[in-house]
Amino acid sequence: MPVTGQRVVRRALGRRLTKLRVANGKSRREVAEAKLGISEPTLHRIETGKVPVTGANVRALCWLYGADQSVTDALAEMALGTSREEWWDGSPVIPDWFKLYVGLEASASKICTYDGEIIPGEFQTEQYALAVFGAEQPTDDESVHRHVKLRMQRQRALLARGPKLVTVLGENALTRVVGGKSVLDGQIEHLRRTAKRDNVDIRVLPFAIGAHAAMAGAFRILDFDDPDDPDVVYLESHVGALYLEEEHEVAEYRRVFDLVSHASVPLEQFT
Numbered sequence: 008m009p010v011t012g013q014r015v016v017r018r019a020l021g022r023r024l025t026k027l028r029v030a031n032g033k034s035r036r037e038v039a040e041a042k043l044g045i046s047e048p049t050l051h052r053i054e055t056g057k058v059p060v061t062g063a064n065v066r067a068l069c070w071l072y073g074a075d076q077s078v079t080d081a082l083a084e085m086a087l088g089t090s091r092e093e094w095w096d097g098s099p100v101i102p103d104w105f106k107l108y109v110g111l112e113a114s115a116s117k118i119c120t121y122d123g124e125i126i127p128g129e130f131q132t133e134q135y136a137l138a139v140f141g142a143e144q145p146t147d148d149e150s151v152h153r154h155v156k157l158r159m160q161r162q163r164a165l166l167a168r169g170p171k172l173v174t175v176l177g178e179n180a181l182t183r184v185v186g187g188k189s190v191l192d193g194q195i196e197h198l199r200r201t202a203k204r205d206n207v208d209i210r211v212l213p214f215a216i217g218a219h220a221a222m223a224g225a226f227r228i229l230d231f232d233d234p235d236d237p238d239v240v241y242l243e244s245h246v247g248a249l250y251l252e253e254e255h256e257v258a259e260y261r262r263v264f265d266l267v268s269h270a271s272v273p274l275e276q277f278t
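In the numbering used here, the protein residues as written are 8 to 278.
See below:
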């Protein structure tokens, strides 16, 4: 899958430049002392994907690191994407901490999701989403409709791209009467139709299972084809998100997901 979204491109480019620097045996201070016009704090921001990067700076760094021409040209081309906006980057409705996730989602080859309380956004009907956002913001109809419009746009983009989507839902997500019985019935029927897609696997963790490995809460694991882009665990709260990239962190969440996945049943068997 292509790397998409300025925040994700910055992240990917930063990793590649860091890898070149480390392979060349240089510290950030040594790079700053090489008189390339790149200070140590600026290099740190570049390598951690915090800022857009110019092609000139990329070429200067590649020269210092002894990268060959093909690598230099590829990374300089990549730098163009560090300031190129996608549809979500300019949206005032989407908080900055979530824009990174949308970009990661748009680049992932596989997304594994566990949620025990709610149908994930990529599978929500418009009426279900209205009920969810309405419960969160009961006095702001305008904001609710803006959020729902963007959720539907994100959903269409994701489903059209076709990454592998593996989702385990807690039974509660299918029984809580969000928006009323007709809305919930419509949502479940939408899940049934969506689950027929070749790239979608929706499963249910029944109440009868009792205690299970994911009782700490919802999470997502995003996989990427490029080995230079590490897989990510995404954890969300009302005020921000946590992105986990360390191998042992991702491995632990994979272990938990495998446990709940094995304990679950296919949606068609449950409904």
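Just so it is clear, CB atoms sit at the ideal spot from N, CA and C, and this is done for glycine as well.
Buried/exposed call for residue i, threshold 16 Cβ in 10 Å
i      : result
Gln160 : exposed
Glu124 : exposed
Pro170 : buried
Asn280 : Any question about residue 280 goes unanswered here, given that the chain covers just 8 to 278.
Phe264 : buried
His152 : exposed
Asn64  : buried
Glu37  : exposed
Val29  : exposed
Asp122 : buried
Ala144 : Here the sequence assigns Gln to residue 144, which means Ala is not the residue at that position. With fewer than 16 other Cβ atoms within 10 Å, it is exposed.
Asp238 : buried
Phe140 : buried
Gln276 : exposed
Ala32  : For the sequence presented, residue 32 should be read as Gly rather than Ala. With fewer than 16 Cβ atoms within 10 Å of its Cβ, Gly32 is classed as exposed.
Gly186 : buried
Ala223 : exposed
Glu93  : buried
Ala218 : exposed
Ala142 : exposed
Beta-carbon proximity check, residue i vs residue j, cutoff 8 Å
i      : j      : result
Val211 : Val272 : yes
Val15  : Ser114 : yes
Ala202 : Leu157 : no
Arg227 : Cys119 : yes
Lys57  : Asp230 : no
Arg52  : Asp235 : no
Ile126 : Leu176 : yes
Leu71  : Leu43  : yes
Gly88  : Gln13  : yes
Ala136 : Val155 : yes
Leu27  : Ala74  : yes
Ala220 : Leu266 : yes
Thr79  : Arg91  : no
Ile216 : Ala258 : no
Glu256 : Val240 : yes
Glu243 : Pro213 : no
Sheet register partners of residue i (DSSP bridge)
i      : result
Gly97  : BP columns for Gly97 are empty, so no partner.
Glu243 : Ala248
Pro273 : Arg210
Leu229 : Ile118, Val239
Val177 : Before going further, note that residue 177 is Gly rather than Val in the sequence given. DSSP lists Leu212 as partners of Gly177.
Leu172 : Ile118, Val207
Anticipated Cβ contact below 8 Å, residue i with residue j, distance rounded
i      : j      : result
Thr132 : His197 : 5 Å
Thr61  : Ala86  : 6 Å
Glu54  : Gly21  : 5 Å
Val184 : Gln134 : That belief does not hold up - the Cβ atoms of Val184 and Gln134 are roughly 13 Å apart, past 8 Å.
Gln162 : Glu129 : 5 Å
Glu112 : Leu165 : 6 Å
The stretch 243-252 in contact with the stretch 102-114 per 3-pair CB rule at 8 Å: Using a Cβ-Cβ distance cut-off of 8 Å, the stretch 243-252 and the stretch 102-114 are in contact, since at least three pairs of beta carbons, one from each stretch, lie closer than that value.
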